[in-house]
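Accompanying notes for the structure given below.
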Amino acid sequence: MAVGTRVAAANTIVRVCLVLATAITLGDGLQQLAQGGPADADNLHRFMAGVYIGWAPLFFWAAATIRRQGVLVYFLAVPIFLGGIGRLVSFSQYGIPSPAGVFLASALLDFLLAIVIVWAHSTALRSGRAPAAA
Numbered sequence: 001m002a003v004g005t006r007v008a009a010a011n012t013i014v015r016v017c018l019v020l021a022t023a024i025t026l027g028d029g030l031q032q033l034a035q036g037g038p039a040d041a042d043n044l045h046r047f048m049a050g051v052y053i054g055w056a057p058l059f060f061w062a063a064a065t066i067r068r069q070g071v072l073v074y075f076l077a078v079p080i081f082l083g084g085i086g087r088l089v090s091f092s093q094y095g096i097p098s099p100a101g102v103f104l105a106s107a108l109l110d111f112l113l114a115i116v117i118v119w120a121h122s123t124a125l126r127s128g129r130a131p132a133a134a
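First residue of the sequence shown? That's 1 in full-length UniProt numbering, and the numbers climb one at a time after it.
As structure tokens, this is what we get:
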């Protein structure tokens, strides 16, 4: 595969993952903002909803400008991966929430999305066609 084609493919993969992250953070943020949480944790749920909603434009902007992005993309992948770890900690302490399929799919998506973003972006950067710094 030619270098330019490899870079374009890697950038497309990163772009798709970042747009997916945009949809997830915006959707989950809006749902959590409307739904809230238990009375003793409601303020935390709604605060985190605002954080998720605030991340959505950042993910989208990074996707739209992927060819100019460097280290920023890695920083965007980190909280996704950490979210997956948070789900696993919750699972170990409280068991799998119902429905189990949704939890397992969410945890798998957190890890896969972060890993694919890092892998594909690293591929693009190694090719020498993308900047090495944010």
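We treat Cβ as the ideally placed atom computed from N, Cα and C, and that holds for glycine.
Only a predicted model underlies this, so the values are computations on that prediction, with no experimental measurement involved.
Exclusion of the five residues before and after R6 leaves T123, S127 as the residues of its chain whose Cβ lies within less than 7 Å of its Cβ. Assigned with DSSP and collapsed to three states, T65 falls in coil, not helix or strand.
By the Cβ criterion, the region 63-77 is in contact with the region 11-28, since at least three pairs of Cβ atoms, one from each stretch, lie closer than 8 Å.
Non-local beta-carbon contacts of D28 in its own chain, meaning distances under 6 Å to residues more than five positions away in sequence, involve Y52 in chain order.
Distances from the CA of A63 to each of D110, T22, A105 were compared; the closest alpha carbon is that of T22.
For G4, the three-state secondary structure derived from DSSP is helix. Taking the Cα of G84 as reference, the smallest distance to any Cα among A10, A114, M48, G37 is reached at A114. Every alpha helix (DSSP H) of 4 residues or more that sits fully in the region 24-112 is shown, in chain order, as 42-64, 71-94. By the beta-carbon neighbour count (other beta carbons within 10 angstroms, threshold 16), L125 is buried.
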